[in-house]
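Enquirer: Protein chains in written order, with this note's numbering: chain A, 1 to 457; chain B, 1001 to 1457. Think of the CB as a built atom: it goes at the ideal place given N, C-alpha and C, for glycine as much as any other residue. Below: one structure in structure tokens.
2 protein chains.
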Amino acid sequence: MTTGPRGVRTIELDEELLDDIRELIHEEARAILVNILADLHAADVADILESLEEDDRTYLVGLLSPQVASEVLPELSEGIRESTLPTLKTETIAQIVAELESDDAADLIAILPDTVATRVLRALSKEDAAKVRQLLRYPEDSAGGIMALEVLTVPKTDTVKTAISKVRRFAKQGYKMHNLYVVDADERLAGFLPVGDLVLLGPGRRMSTIMDTQVISVGAGMDQEEVANVMQKYDLVSVPVVSEQGTVIGRITVDDIVDVIKEEATEDIERMAGLTGSEEISTSVFETSRIRLPWLLVGFGGEMLSALVLSSFQASLEEIIAAAFFIPIIMAMGGNAGIQSSAIVVRGLATGEVRMAQTGKRLAKEVGIALLNGVILSMLIFFVSYVWFGDIRFGLTVALALLMVVLNASLVGASVPLLMDKIKVDPAIATGPFITTSNDALGLLIYFGIMSFMYHT
Amino acid sequence: MTTGPRGVRTIELDEELLDDIRELIHEEARAILVNILADLHAADVADILESLEEDDRTYLVGLLSPQVASEVLPELSEGIRESTLPTLKTETIAQIVAELESDDAADLIAILPDTVATRVLRALSKEDAAKVRQLLRYPEDSAGGIMALEVLTVPKTDTVKTAISKVRRFAKQGYKMHNLYVVDADERLAGFLPVGDLVLLGPGRRMSTIMDTQVISVGAGMDQEEVANVMQKYDLVSVPVVSEQGTVIGRITVDDIVDVIKEEATEDIERMAGLTGSEEISTSVFETSRIRLPWLLVGFGGEMLSALVLSSFQASLEEIIAAAFFIPIIMAMGGNAGIQSSAIVVRGLATGEVRMAQTGKRLAKEVGIALLNGVILSMLIFFVSYVWFGDIRFGLTVALALLMVVLNASLVGASVPLLMDKIKVDPAIATGPFITTSNDALGLLIYFGIMSFMYHT
């Protein structure tokens, strides 16, 4: 642990520091530990907790005051939070939840077992409990599911002076905010003003004359990935969530969105790799194997098709045993080219850079790339197989097959995610195992189809 | 184009809207276009520009006032910005740059051809030119490379009233800010205060008594990914960049960091898929094919090894031709299990959830998962091949091979990224094509090794 030269507190989480903390825990050196933790940023405390074994973690969490725990718990990864929270007493959890803003409160309560959640809700103030219940009604991945309800709106007719006094009252309740939202007589969102701007303006000016009317808002049902795209596109620090009637019901801040962006990227990678997104680092072996098995079984089924394709070309295989040697490269080149095409489309769709309007253009481009690289790879394999076997017909067969397989794989790789997006299925699911497996069977069909045509077997 | 029901301006960028705009461009309907663009958010104008063909884009950019252009240009993707900027006159570029904050100004100038850049710098005010020159000295991916120099510091001894008047002067220059940084007598960073908090506090209070001293800062040389991790970890909207002496030299805001996070996540996915990270949606066919070829060639080389493995077992293959039928499933199951193991480790390393300290535990876990799923898949393939060929020995051979291949692939998949991380190579690069390819050759070696052992061929 070091205190930076400029009063900046940083900690270096290495094994040495962790060992020191473990030792203090085993010595039950309460006072020293409380002192150490009090000096640290909540995010650093969370880091330490994540690195400890479960028993040590439980002990350390027990030392945190409800106020500190309320800052630390939202920083923990979901799996760790889920295993840690139930070790606390119901009253402690209620005290912690009472300290949180509504979005973090709802997140905590959502992971509690039903009976504990009910007891915690009962221990909260009526107002707090109502807020949490309202938030729990929205799907976890929607704007409603990640918004906080603590938002300050002022009427268009307010003066700067009035607005400032409202901001002060709001801040006294412990709430932070970046923007003030201005509403018209019907309570509908009409504009916004960064809170900091209030110090720049004369106290008598009215909101209607100083607010920015180009206010971007999102609906409560919008998917969190879309919210992230909107906030990124328009460089927003905070975005209001509005009801269908246009009234402001909550707000989402950029720090939540940063987490969403990381989550969604991880989800895309996992799905492309044949994981289902529900696997966490801390998930048990049995549960993990259960989560991973379905995609392996999809692959298994697909490769049985490949086996059938090969068995139907048994005559060709027996006649030209060297054809078998190139099965791996046919499969691999199809697989790699397919993954390249699909990855770029999947990420492009996720970031909004690939638009449905340009589907035709994108596919044409992938065909162009596949043709170029396919021809290069074909020439290479012709050369290799000619040198190896000294047979021009065989070399031409393998080369032609490889070109067709790369073309087919790129087209499938680029078009399946686009198709999935059109029918509103997450394109990332389509990619990876699914495309690779179908490309294997198709690729082998193409390979041995050309082989049996060239050799009239 | 629609104006939302609540005064919220949104645009739906579909082919129809684009066609309308294209038509107006071809009719050279200047006035109408200027009117349409004036109504839109800069990010939407950027979206339209990105969707148009180059000629139309150039025409439309020519219609933007320097002030609007200064908002639109930073929103364009780098490739498009690079091709658009040189179509403008030097004076226009200088006018645009003068409107920008220093970080965006430096970004624009960095992509200009040297001669144009020199002319633009000469056309700027001395102060602006000096700022840009200073920023261009930092590496593009460092904190210094993405920071803006417009930052307001106030001494600890300032009262709220004095600070407010400084904020007003700063804002009059057109600069926005989230936080006020407080410095001690040596000009060194001592604390910070959100600008909005100024309205909450009595005008006579001194900065030293109200500032938050737990201020996180970054050095100018810090890598942008690390800056992103710091800002995400500590939920910062803005972070000060400090010199080695501890003085504040700039600030980075979260909107820049959101872009970095997306970039880095996309880079991970691309690398795992065998793309090199420098491919953009707008990259040309030739350039893209050149970028994608290297990984295909790595795969090509690896699969030549697989071909060699198969040819060395030619005797087994000729004797038991059915062995060839299961080549695809052996390769695919190894590939899928390997990718699953590596993806979870790669992302875990990226998000910090997998720590080097837990390497042994992680590997043991992957072995456990592979054993469980491997046994299930083995039983399945034994059943299928027994029903198909009615040969117990053959069924046992294939089943045992599949189990060993899945085990091997999982171990390789999990350990290679950990190893890469240890030797400071991006683990994502190791994954995808590399692991898949090496698992193919290894898997076939295991498969035919067991086959020739069981059949004494």
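Nearest by alpha-carbon distance to B/Thr1087: which of B/Asp1107, B/Ala1106, B/Val1116 and B/Glu1099 is it?
Expert: B/Val1116
Enquirer: DSSP puts B/Pro1155 in a beta bridge; with which residues?
Expert: Note: B/Pro1155 sits in a beta bridge opposite B/Val1183.
Enquirer: Which bits of chain B does A/Thr288 rub up against, with CB to CB less than 7 Å?
Expert: Ile1369
Enquirer: Are the C-beta of B/Leu1108 and some C-beta of chain A separated by less than 9 Å?
Expert: At least 9 Å separates the CB of B/Leu1108 from every CB of chain A.
Enquirer: My guess is that A/Leu418 and A/Val345 are in contact by the Cβ rule of under 8 Å, so how many angstroms apart are they, rounded?
Expert: 6 Å
Enquirer: Taking any Cβ of chain B, which residues in the region 213-232 of chain A have a Cβ under 7 Å from it, in chain order?
Expert: Thr213, Gln214, Val215, Ile216, Ser217 and Gln232
Enquirer: Flag this pair as yes or no: are the beta carbons of B/Met1231 and B/Ile1257 separated by less than 9 Å?
Expert: Between B/Met1231 and B/Ile1257, the C-beta gap is smaller than 9 Å, which places the two residues in contact.
Enquirer: 9 Å is my cut-off, CB to CB: does B/Ile1146 come that close to chain A?
Expert: no
Enquirer: Are the beta-carbon atoms belonging to A/Leu64 and A/Ile93 less than 9 Å from one another?
Expert: No, they are not a contact pair.
Enquirer: Buried or exposed for A/Gly360, please, with buried defined as at least 16 other CB atoms from any protein chain shown within 10 angstroms of its CB.
Expert: exposed
Enquirer: What's the gap between the Cα of A/Leu60 and the Cα of A/Thr118?
Expert: 26 Å
Enquirer: Specify the secondary structure class of A/Ile252 as computed by DSSP and reduced to three states.
Expert: strand
Enquirer: Relative to chain D, which residues along the region 26-38 of chain A have a C-beta separation below 7 Å, given in chain order?
Expert: Absence of chain D from the displayed structure is noted, the protein chains being A and B.
Enquirer: Between B/Leu1152 and B/Leu1198, which are expected to be in contact by the criterion C-beta below 8 Å, what is the C-beta distance as a whole number of angstroms?
Expert: Contact doesn't hold; Cβ gap of about 12 Å is too wide.
Enquirer: Under the rule that 16 or more other beta-carbon atoms within 10 Å means buried, what is B/Glu983, buried or exposed?
Expert: Past the edges of chain B, shown from 1001 to 1457, lies residue 983 of chain B, and the structure says nothing about it.
Enquirer: Considering only the alpha carbon of each residue, which of A/Ile80, A/Gly395 and A/Asp259 lies closest to A/Leu52?
Expert: Out of A/Ile80, A/Gly395 and A/Asp259, A/Ile80 has the C-alpha closest to the C-alpha of A/Leu52.
Enquirer: Check A/Val8 in the structure and name its three-state DSSP category.
Expert: Reliability fails at A/Val8, whose pLDDT of 38 lies under 50, so the model's placement of it is uncertain and the value that follows must be treated cautiously. It is coil, neither helix nor strand.
Enquirer: Does the Cβ-Cβ distance between B/Ala1370 and B/Val1406 come in under 9 Å?
Expert: Yes, they are a contact pair.
Enquirer: For A/Pro139, does the three-state DSSP call read helix, strand or coil?
Expert: coil
Enquirer: Spell out a yes or no on whether the region 305-317 of chain A and the region 1225-1244 of chain B are touching, meaning 3 or more CB-CB pairs, one atom from each, closer than 8 Å.
Expert: no
Enquirer: If we call anything under 9 Å between Cβ atoms a contact, is B/Gly1250 one with B/Asp1020?
Expert: no
Enquirer: Could you tell me whether the region 1382-1400 of chain B touches the region 322-331 of chain A, where touching means 3 or more Cβ pairs closer than 8 Å?
Expert: no
Enquirer: Can you have a look at B/Thr1002 and say buried or exposed, based on whether 16 or more other CB atoms are within 10 angstroms of its CB?
Expert: Model confidence at B/Thr1002 stands at a pLDDT of 30, short of 50, so the residue's coordinates are unreliable; what they give is reported in the following sentence. Exposed is the call here.
Enquirer: Can you check DSSP and say which residues form a bridge with B/Asp1223?
Expert: B/Ser1142
Enquirer: Confirm the yes/no value for this check: CB of A/Arg393, any heavy atom of the ligand FMN, distance under 8 Å.
Expert: This structure lacks the ligand FMN, and indeed carries no ligand of any kind.
Enquirer: Taking the alpha carbon of B/Glu1270 as the point to measure from, which residue in A/Gly219, A/Phe300, A/Asn229 and A/Asn336 has its own alpha carbon closest?
Expert: Nearest option by C-alpha distance: A/Asn336.
Enquirer: Please classify B/Asp1044 as buried or exposed, where buried requires at least 16 neighbouring CB atoms within 10 angstroms.
Expert: buried
Enquirer: Given 8 Å as the limit, is there contact between the region 1199-1213 of chain B and the region 1156-1166 of chain B, that is, 3 or more CB pairs closer than that?
Expert: yes
Enquirer: For the beta strand (DSSP E) containing B/Phe1192, name the first residue and the last one.
Expert: Leu1189 to Pro1194
Enquirer: By the DSSP assignment, the alpha helix (DSSP H) with B/Val1068 in it spans what residues?
Expert: Pro1066 to Val1072
Enquirer: In whole angstroms, what separates the C-alpha of A/Val8 from that of A/Arg292?
Expert: Confidence at A/Val8 is low in this model, with a pLDDT of 38, below 50, so the placement of that residue should be treated as unreliable; the coordinate-derived value is given next. Rounded to whole angstroms, A/Val8 to A/Arg292 spans 44 Å at the Cα level.
Enquirer: Within 10 Å of its beta-carbon, does A/Pro5 have 16 or more other beta-carbons around it, so buried, or fewer, so exposed?
Expert: Reliability of the predicted coordinates at A/Pro5 is poor, the pLDDT of 35 falling under 50, and no value is obtained from them.
Enquirer: Applying the 10 Å Cβ sphere with the 16-neighbour rule, what's the burial state of B/Met1451?
Expert: buried
Enquirer: Who are the Cβ neighbours of A/Tyr455 in its own chain at under 6 Å, not counting the five residues just before and after it?
Expert: none
Enquirer: Please identify the residue among B/Ser1289, B/Met1331 and B/Thr1213 whose C-alpha is closest to the C-alpha of B/Glu953.
Expert: Nothing can be reported for residue 953 of chain B: it is not among the residues displayed for chain B, which extend from 1001 to 1457.
Enquirer: Under the rule that 16 or more other beta-carbon atoms within 10 Å means buried, what is B/Ser1186, buried or exposed?
Expert: Per the sequence shown, residue 1186 of chain B should be read as Asp rather than Ser. The residue is exposed, with fewer than 16 neighbouring Cβ atoms inside 10 Å.
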